[in-house]
Amino acid sequence: MKQITVRSMTGLGVAEVQENGVTVTVEIRAVNNRFLEISTRLPQSASRHEQELREYVRSRIERGKLYITITVQHENGNPFALRVMPDKARSIRHLLMELKKEAGIEESLTLDHFLKFSEIFEPAENGRSDKSLWPQILQALDQALGNLDIIRLKEGTCLTEDLIHRIGKLEEKIEAVERIASANLHEKHQRTVEQIGTLIGQYSLNEDRLYTEIAILSDRLDITEECVRLKSHGRLFLDSLRSGKSVGKKLTFLLQEMNREVNTISSKAASLEISHLVVDMKEEIERMREQVQNLE
Numbered sequence: 001m002k003q004i005t006v007r008s009m010t011g012l013g014v015a016e017v018q019e020n021g022v023t024v025t026v027e028i029r030a031v032n033n034r035f036l037e038i039s040t041r042l043p044q045s046a047s048r049h050e051q052e053l054r055e056y057v058r059s060r061i062e063r064g065k066l067y068i069t070i071t072v073q074h075e076n077g078n079p080f081a082l083r084v085m086p087d088k089a090r091s092i093r094h095l096l097m098e099l100k101k102e103a104g105i106e107e108s109l110t111l112d113h114f115l116k117f118s119e120i121f122e123p124a125e126n127g128r129s130d131k132s133l134w135p136q137i138l139q140a141l142d143q144a145l146g147n148l149d150i151i152r153l154k155e156g157t158c159l160t161e162d163l164i165h166r167i168g169k170l171e172e173k174i175e176a177v178e179r180i181a182s183a184n185l186h187e188k189h190q191r192t193v194e195q196i197g198t199l200i201g202q203y204s205l206n207e208d209r210l211y212t213e214i215a216i217l218s219d220r221l222d223i224t225e226e227c228v229r230l231k232s233h234g235r236l237f238l239d240s241l242r243s244g245k246s247v248g249k250k251l252t253f254l255l256q257e258m259n260r261e262v263n264t265i266s267s268k269a270a271s272l273e274i275s276h277l278v279v280d281m282k283e284e285i286e287r288m289r290e291q292v293q294n295l296e
């Protein structure tokens with residue numbers, strides 16, 4: 001069997017890279033999502049590269065919601081070092097001046113007024129420049145993505161094995177439905193022919209028309225086509241799982257089609273046995289649908 005390379009959308013990847021007294025830590029948490037969505041918490045040294053970071057992540061992951069946190073620590077840096085954010089400081093000064101004017105306050109603005117607003121400060125990343133830190137950040141990001149991929153692949157393999165097992169169980173039920181339906185249809189056809197023969201003997205009826213109606217009725221009760229399509233969807237489902245591509249959306253569509261065929265079988269079911277098997281098949285498809293929601 002071809003090695004399974006389908007990935008789950010959930011997982012955690014963490015990496016730490018130390019270089020020249022600077023430690024960069026990247027943590028990536030991934031959860032289910034219909035599309036790829038990236039949420040970041042970046043230090044100043046990485047914020048200017050955010051678009052590049054997002055494009056790099058998109059080249060590695062296709063679906064899921066990612067929470068990416070990057071921290072930079074300097075070995076000899078002052079943990080309490082701060083830097084002023086000029087834009088925010090100017091905005092607060094403007095607001096204070098407007099407040100003075102509206103309230104008729106003549107007191108002059110002093111540094112004490114600004115120190116009450118922590119928003120104008122942010123941690124200062126002393127040491128190497130933003131530009132020189134980026135390769136180290138990218139290295140940590142690459143390692144974190146690699147660690148995340150290991151977890152996603154491991155979980156994806158477990159989910160895939162479970163789905164393959166469930167497809168096998170579904171096929172067994174389809175074959176059971178086919179056997180029962182074939183026997184029931186043959187028996188019903190024979191019984192109907194005998195009943196029609198009795199009627200023809202008692203009444204003046206158009207024999208050809210009656211047998212045509214029997215054929216039409218038999219066709220309406222026949223579920224051969226539905227079973228064939230169900231098995232075909234099942235084979236395509238397995239082929240997709242083994243393709244190694246991003247298959248979550250395709251598998252979801254196939255399960256919808258399989259459920260549609262089972263519903264048609266249910267409407268044609270002429271026996272209690274088939275009705276019970278239909279319930280089992282619908283439950284199996286629902287379990288698979290829940291599992292597929294976790295696949296990329």
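If you're matching positions, the sequence shown starts at 1 in our numbering and goes up one per residue. Beta carbons are placed, not taken as given, at the ideal position from N, Cα and C, and that holds for glycine. Just so we're clear, the structure is a prediction, and the values are computed from it rather than from any experiment.
Quiz prompt | Close Cβ partners of residue 31 (< 6 Å) along its chain, the five nearest in sequence each way excluded | solution = 10, 65
Quiz item: What number of angstroms, rounded off, separates the C-alpha of residue 274 from the C-alpha of residue 233?
Solution: Rounded to whole angstroms, residue 274 to residue 233 spans 20 Å at the Cα level.
Quiz prompt | Cβ-Cβ distance between residue 93 and residue 109 below 8 Å | solution = yes
Self-check item: Inter-residue CB distance, residue 28 and residue 145 (contact presumed, cutoff 8 Å)
Solution: 7 Å
Quiz item: Are residue 156 and residue 59 close, meaning C-beta to C-beta below 8 Å?
Solution: no
Quiz prompt | For residue 278, the first and last residue of its enclosing alpha helix (DSSP H) | solution = 272-292
Self-check item: Through-space distance from residue 74 to residue 284, alpha-carbon basis
Solution: Their backbone Cα atoms lie some 54 Å apart in a straight line.
Self-check item: Residues near residue 149 by beta carbon distance below 6 Å, same chain, minus five either side
Solution: none
Exercise. Starting from the C-beta of residue 251, find all residues in its chain whose C-beta is less than 7 Å away, skip the five residues before and the five after it, and write them out in chain order.
Key: 237, 240, 292, 295
Exercise. To the nearest angstrom, report how far apart residue 6 and residue 89 are at their CA atoms.
Key: 50 Å
Self-check item: Nonlocal neighbours in the same chain, by C-beta distance under 7 Å from residue 61, ignoring five residues either side
Solution: 36
Exercise. Would you list the one or two residues that DSSP bridges to residue 12?
Key: Note: residue 12 sits in a beta bridge opposite 29.
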